[in-house]
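Undergrad: Under this note's numbering, the residue at position 350 of the sequence shown is numbered 491, and the numbers go up by one with no gaps.
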Amino acid sequence: MKIALITGITGQDGSYLCEQLLAKGYVVHGMIRRASNFNTQRLDHLVSDPEVYNQRLFLHHGDLTDSSNLNRLLERIGPTEIYNLAAQSHVKVSFEVPEYTAEVDGVGTLRFLDAIKEAGLQKRARFYQASTSELFGLVQEVPQTEKTPFYPRSPYGVAKLYAYWIVVNYRESYGLHASNGILFNHESPRRGETFVTRKITRAAGRIREGLQECVELGNLDAQRDWGYAPEYTEMMWRILQQEQPGDYVCATNEMHTVRDFCQNAFTTVEMPLTFEGEGVDEVGRDASGNIRVKVNPQYFRPSEVELLIGNPEKARRELGWEPKVTFNDLVGIMAQADWQLARQEKAARALQQAVLQSLNLAGMGTTTKMFEP
Ligand code: NAP
Ligand code: F7E
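(1) Ends of the beta strand (DSSP E) at residue 170?
(2) By Cβ distance, which residues of its chain are closer than 6 Å to residue 167, with the 5 residues on each side in sequence left out?
(3) Do you know how far the Cα of residue 466 is from the Cα of residue 247?
(4) What's the gap between the Cα of residue 349 and the Cα of residue 403?
(5) For residue 368, which beta-bridge partners are listed by DSSP?
(6) Opposite residue 223 in the DSSP bridges: which residues?
(7) Less than 7 Å between the CB of residue 243 and some heavy atom of the ligand NAP, yes or no?
(8) Using the three-state DSSP reduction, which class does residue 509 fall into: helix, strand or coil?
(9) Expressed to the nearest angstrom, what Euclidean distance is found between the alpha-carbon atoms of residue 193 and residue 300?
(10) Grab me the residues of residue 232's own chain with a C-beta within less than 8 Å of its C-beta, minus the 5 sequence neighbours each way, in chain order.
(11) If we count the other Cβ atoms within 10 Å of its Cβ and call it buried at 16 or more, is residue 267 buried or exposed?
(12) Which residues does DSSP list as the beta-bridge partners of residue 322?
(13) Could you pull out every residue in the same chain whose Cβ sits closer than 6 Å to the Cβ of residue 150, ignoring the five residues on either side in sequence?
(14) Just the C-alpha distance for residue 286 and residue 490, rounded to the nearest angstrom, thanks.
(15) May I have the straight-line CA-CA distance separating residue 174 from residue 359, to the nearest angstrom?
(16) If you scan the stretch 154-213 from start to end, which runs of the alpha helix (DSSP H) of 4 or more residues do you find wholly inside it?
Following this line, the structure appears as structure tokens:
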């Protein structure tokens with residue numbers, strides 16, 4: 142029987158991977174952090190299914206900063222495949238919490254690998270590490286491949302660099318079937334709302350529905366190779382089905398600016414933008430001349446990764462993996478989903494307003510402002 146253990150199962154990638162493994166007939170165990178509120182929204186459809194939850198999907202509390210629970214989990218579960226997706230995954234936040242990021246993203250990976258070795262699971266369990274294009278940072282060649290030298294540009298990138306090499310080291314030293322997926326940015330309607338793509342598609346939908354005036358962004362010139370998350374989680378699985386472990390770039394080999402992403406997203410919600418001005422004075426205006434996108438230096442990073450574009454030739458050759466969802470498809474999927482959410486939010490607000498008015502309490506509603514890095 143195939144038994145998978147996923148850390149970071151509550152995240153974007155963890156939730157897609159979980160669905161895919163269940164569909165392939167796996168028993169899936171997920172490690173989740175204890176929180177004061179439920180943090181399983183991306184898994185709710187599975188957790189509320191009595192034929193799945195506690196039958197083929199099991200959740201366990203744990204944290205990559207705590208090795209005692211990792212040891213216990215491995216002993217109890219005896220996984221055949223381990224996907225280490227847990228991380229403090231926000232690059233800008235890593236400048237604010239660098240030590241914690243190193244603990245979780247760097248040393249956390251070592252804790253896991255060592256727990257596998259100590260539990261004597263190195264012959265039974267295959268290990269996938271969520272490595273990243275942030276390793277390339279200040280890029281040394283274009284496009285980047287498995288052979289491109291690394292030059293990380295953030296505490297996140299540096300922590301993931303340690304994780305990358307400790308995976309290689311445990312593979313070479315102890316014969317672990319341990320692999321790195323060097324994944325370029327991948328997005329979806331489940332993407333966290335403070336990553337730039339989702340921030341833009343959320344804003345486009347809300348602005349279109351009159352729930353928000355404008356969105357403030359940082360570096361509009363940054364260029365990324367953006368793919369569709371479910372295709373990338375499928376690749377994680379393919380890596381662990383290989384006879385031999387290895388390291389693979391996972392990307393589309395196509396690059397776009399943040400500004401392109403904005404233009405595409407606002408066009409999807411039928412509100413095309415025209416950009417004018419430069420640097421911090423650049424703005425995006427709608428057809429009526431209203432400013433819908435502004436630059437706010439608050440979102441600049443102390444050191445920036447200006448461009449990333451990956452060549453996934455090795456993955457195509459050895460894994461038969463090829464992305465199908467194009468940049469335009471991806472923006473369309475996300476912007477349509479968030480437009481729909483905005484419509485629902487508008488309808489819910491109207492209902493709330495009607496109820497408050499009928500109770501003669503109008504004006505007592507609260508508004509929340511999201512804290513955003
Ligand atoms: P995500 O949505 O931010 O999910 C991160 C997951 O890690 C969440 O489940 C989070 O739990 C969990 N986590 C955070 N700190 C933890 C800790 N100390 N102990 C245990 N769990 C912890 O990230 P994602 O986009 O799915 O990415 C998955 C992995 O791929 C990450 O390692 C990321 O660094 C890497 N990666 C992502 C991309 C990308 O473009 N998405 C590209 C390359 C690599 P909570 O839900 O409780 O916060
Ligand atoms: O930024 C620029 C920002 O935060 C992309 C993580 O999944 O992918 C992700 O890291 C670009 C950067 O993703 C805003 O400066 C402009 O150049 O969406 P992001 P990221 O930093 O590329 C890699 C591969 C990972 O491994 C990470 O885990 O967009 N940008 N304006 C902005 N970024 C944000 N967040 N917010 C803005 O307002």
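By construction, the Cβ of each residue, glycine as well, lies at the ideal position given by its N, Cα and C atoms.
TA: By the coordinates alone:
(1) 168-173
(2) 143 and 145
(3) 31 Å
(4) 13 Å
(5) 327
(6) 146 and 268
(7) no
(8) A caution first: residue 509 carries a pLDDT of 49, below 50, which makes its placement in the model too unreliable to give a value.
(9) 35 Å
(10) 275, 295, 297, 298, 442 and 446
(11) buried
(12) 271 and 389
(13) 159 and 171
(14) 48 Å
(15) 30 Å
(16) 185-188
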